[in-house]
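Residue numbers (my numbering): 23 to 210.
The following block contains the structure:
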């Protein structure tokens with residue numbers, strides 16, 4: 023999976039319990055977490071794209087913050103309670119190092135649907151694809167993703183695939199269900 027940014031990770035397509043992504047880094051993104059916490063880690067290309075995204079948002083006067091990046095299988099197991107917002111261990115994209123939860127001071131750094139109505143949430147929804155990210159669990163697609171709407175959860179899939187999904191309105195599940203999907207796995 024090292025370079026397959028288009029991989030589908032969910033309850034039907036889980037990661038192995040022992041999967042740990044290569045090249046996890048903490049490049050100093052603005053996190054609502056103290057240095058040294060594992061949730062500050064992201065896969066390297068994902069981290070660099072997140073830095074570009076945050077830098078651009080800050081240049082426009084916004085205050086996006088990272089809340090949670092990498093999460094090990096063991097940590098996901100500790101968090102899993104059966105809540106529909108918390109994926110079972112192995113099926114969380116956070117284990118891949120490709121997912122990032124974001125928030126802002128306007129909603130007290132909470133992971134809440136109210137984030138979508140903030141200036142930061144609106145900007146993220148409109149601009150994420152330019153940096154290779156998708157809003158992974160969009161509104162009105164719960165029946166497809168199996169996860170309620172999470173306007174704060176972004177997933178790195180490459181700029182090419184993010185643009186395609188943004189333009190078509192498809193989820194990652196729908197993309198993987200296409201008979202002849204465009205292969206974005208080798209594109210930058």
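We put the beta carbon where it would ideally sit given N, CA and C, even for glycine.
Excluding five sequence neighbours on each side, which residues of the same chain lie with their C-beta closer than 6 Å to the C-beta of residue 137? Within the chain shown, the letter at position 115 stands for residue 137. Result list for residue 137: 125, 129, 143, 173 and 174, in chain order.
With DSSP as the reference, please indicate the residues paired to residue 152 in a beta bridge. Here residue 152 refers to the residue found at position 130 of the chain shown. The partner list for residue 152 (beta bridge, DSSP) is empty, contrary to what the question assumes.
Could you tell me the distance, in whole angstroms, from the CA atom of residue 127 to the CA atom of residue 140? In the chain shown, counting from the first residue as 1, residue 127 sits at position 105. In the chain shown, counting from the first residue as 1, residue 140 sits at position 118. If I take the Cα positions, the gap works out to 10 Å.
Okay, do the stretch 149–166 and the stretch 177–192 touch, 3+ Cβ pairs below 8 Å being the bar? yes
In the DSSP assignment, what are the bridge partners of residue 157? Against the chain shown, residue 157 aligns to sequence position 135. Paired residue(s): 176.
Once you ignore the five residues that flank residue 41 on each side, which residues in its own chain have a CB closer than 6 Å to its CB? As a position in the chain shown, residue 41 is number 19, starting the count at 1. Cβ within range, chain order: n/a, list empty.
What three-state label does DSSP hand residue 65 in the structure shown? Against the chain shown, residue 65 aligns to sequence position 43. Strand at residue 65.
Kindly confirm or deny that the stretch 68–81 and the stretch 96–111 touch, where touching means at least three C-beta pairs closer than 8 Å. no
Buried or exposed for residue 123, going by 16 or more other Cβ atoms inside 10 Å? By one-based count along the chain shown, residue 123 stands at place 101. The residue is buried, with at least 16 neighbouring Cβ atoms inside 10 Å.
Identify the continuous beta strand (DSSP E) that holds residue 6 and give its terminal residues. As shown, the chain starts at 23 and ends at 210. That puts residue 6 outside it, with no answer to give.
Sub-8 Å separation of residue 89 and residue 131 beta-carbons: Counted from its first residue, the chain shown places residue 89 at position 67. Counted from its first residue, the chain shown places residue 131 at position 109. Contact: yes.
Beta-carbon within less than 6 Å of residue 193's beta-carbon, same chain only, minus the 5 sequence neighbours each way: which residues are those? Taking the first residue of the chain shown as 1, we reach residue 193 at position 171. So the qualifying residues of the chain are 163, 166 and 167.
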